[in-house]
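Under mature numbering (1 follows the signal peptide of the UniProt record, and there is no 0), the letters of the sequence shown match residues -21 to -1, 1 to 286, in that order. For every residue, glycine included, the Cβ atom is placed at its ideal position computed from N, Cα and C. Nothing here was measured: the structure is a model prediction, and the numbers come from that model.
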Amino acid sequence: MRLTTLPVLAAVAAVIAGCGADDTPPAPAAPSPAETSASPAAPTTDPVVAAALTALEDDYAARLGVYAIDTGSGQIVEHRPDERFAFASTHKMLSAAAVLQATEPADLDQLIEVDAAEVVGWSPVTEPAAGVGLTLLEIIEAAITLSDNTAANLLFEQLGGPDGLEAAVRGFGDTTTSFDRIEPGLSDWVPGEERDTTTPRAMAGNVQDLLLGDLLADEDRTLLHDTMRANTTGDELIRAGVPDGWVVADKTGSATHGGRNDVAVIEPPGAAPIVLAVYSNRLDPEAESDPALIAAATEIVVDELSD
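This is the structure in structure tokens:
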């Protein structure tokens, strides 16, 4: 399947950029996080790096979850890797992957009806298409590149709802992530909530297996990677923490309690990809999220893995 630049998405992206709104990578040489965690010889995070990530939590009055793996060396950086965080819109990567896995190339041209009564908040592509419809490819692109919430719900419908997505993700090998609600309610999180949550380790495993592994057919993997590379919502997050010239394919998310997330494959020039999942929430339930926290955590990780 070939990624196309769709006029409707390009136009919406240009408007959002004006308003200031929120090559197929090589195969991995390192095991996925699930395999790594099962090994007693798995590398541990340098205490200096761990202290730096803890200091970030103090500076931002936040809880921070990180899991990163250099797929060339197998070196890992982790911080609260198995604590649960609201996945928020990072789930849209999984929904898109599950739909791609379940469909044939010709299915992407199928026109999907957009019911005006089912349009929810932050739907910059699907709201104008209400009563007209979009192709399945356009819906996938809207969900990933602009984080369109109604597009995400249309992907849920294709999969049979949250239960259907959970079944697909269990098929990916993720036994941790829990899918319970649709947009926008799935981003409503409070401490202790397990609905619609994941862990940094689990999500990093999904990113690695889907974008660098063989869970998807080559065309589907390329499409997912290129769509995430075209994401318009992540410039202040992981992308802001990597050196110029590095390529990032990512999916962001925002939740209540100041939740801010980003998951990505990072491609340094001439080096193996780095898989990174960063999740966070603020300690003050009324506090706004701060993208600088994700960027700063990324910089710490990249500095460590680039030594």
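Let me know if residue i comes out buried or exposed under the rule of 16 or more other beta-carbons within 10 Å of its beta-carbon.
i	result
Ala276	buried
Val186	buried
Leu43	buried
Glu267	exposed
Arg208	buried
Ala147	buried
Near residue i, what residues of its chain come up, given a Cβ to Cβ distance below 7 Å and the 5 sequence neighbours on each side ignored?
i	result
Asp188	Ser11, Phe151, Gly152, Leu194
Val28	Val56, Ile279, Glu283
Glu62	Gly44, Thr178
Val226	Arg208, Glu246
Suppose contacts are defined by Cβ-Cβ distances below 9 Å. Is residue i in contact with residue j by that definition?
i	j	result
Val45	Arg59	yes
Ser126	Ser74	no
Glu92	Gly112	yes
Thr50	Ile253	yes
Thr156	Glu145	yes
Ile123	Met182	no
Going by DSSP, what residue range makes up the beta strand (DSSP E) through residue i?
i	result
Ser233	226 to 234
residue 310	Only positions -21 to 286 of the chain appear in this structure, which leaves residue 310 out of reach.
Ile273	Unbroken run through Ile273 is the alpha helix (DSSP H), 270 to 285; no beta strand (DSSP E).
Asp49	41 to 49
Look up residue i in the DSSP assignment and say whether it is helix, strand or coil.
i	result
Leu195	coil
Arg63	coil
Arg180	helix
Arg174	coil
Gly110	coil
Arg200	helix
Thr(-18)	Unreliable positioning characterises Thr(-18) in this predicted model, as indicated by a pLDDT of 36, which lies under 50. The coordinate reading is nonetheless provided below. If DSSP states are grouped into helix, strand and coil, Thr(-18) belongs with coil.
Pro5	A caution first: Pro5 carries a pLDDT of 40, below 50, which makes its placement in the model too unreliable to give a value.
Thr155	coil
Using a Cβ-Cβ cutoff of less than 8 Å, which residues in the same chain neighbour residue i once the five nearest sequence positions on both sides are dropped?
i	result
Pro270	Glu215, Leu216, Ala219, Arg239
Glu97	Thr129, Asn132
Under 6 Å Cβ to Cβ from residue i, same chain only, skipping five residues before and after it: list those, please.
i	result
Tyr258	Gly44, Phe64, Pro179, Asn240
With respect to the alpha helix (DSSP H) encompassing residue i, which residues constitute its N-terminal and C-terminal limits?
i	result
Asp241	Here Asp241 belongs to no alpha helix (DSSP H); instead the beta strand (DSSP E) covers 238 to 246.
Ala76	70 to 81
Ala131	128 to 138
Would residue i pass as an interface residue toward chain B - the criterion being a Cβ-Cβ separation below 9 Å?
i	result
Glu283	Chain labels in this structure do not include chain B; a single protein chain is all it has.
Please tell me whether, using a cut-off of 8 Å, the distance from the CB of residue i to the nearest non-hydrogen atom of the ligand MG is below it.
i	result
Thr69	Here there are no bound small molecules, and the ligand MG is not part of this structure.
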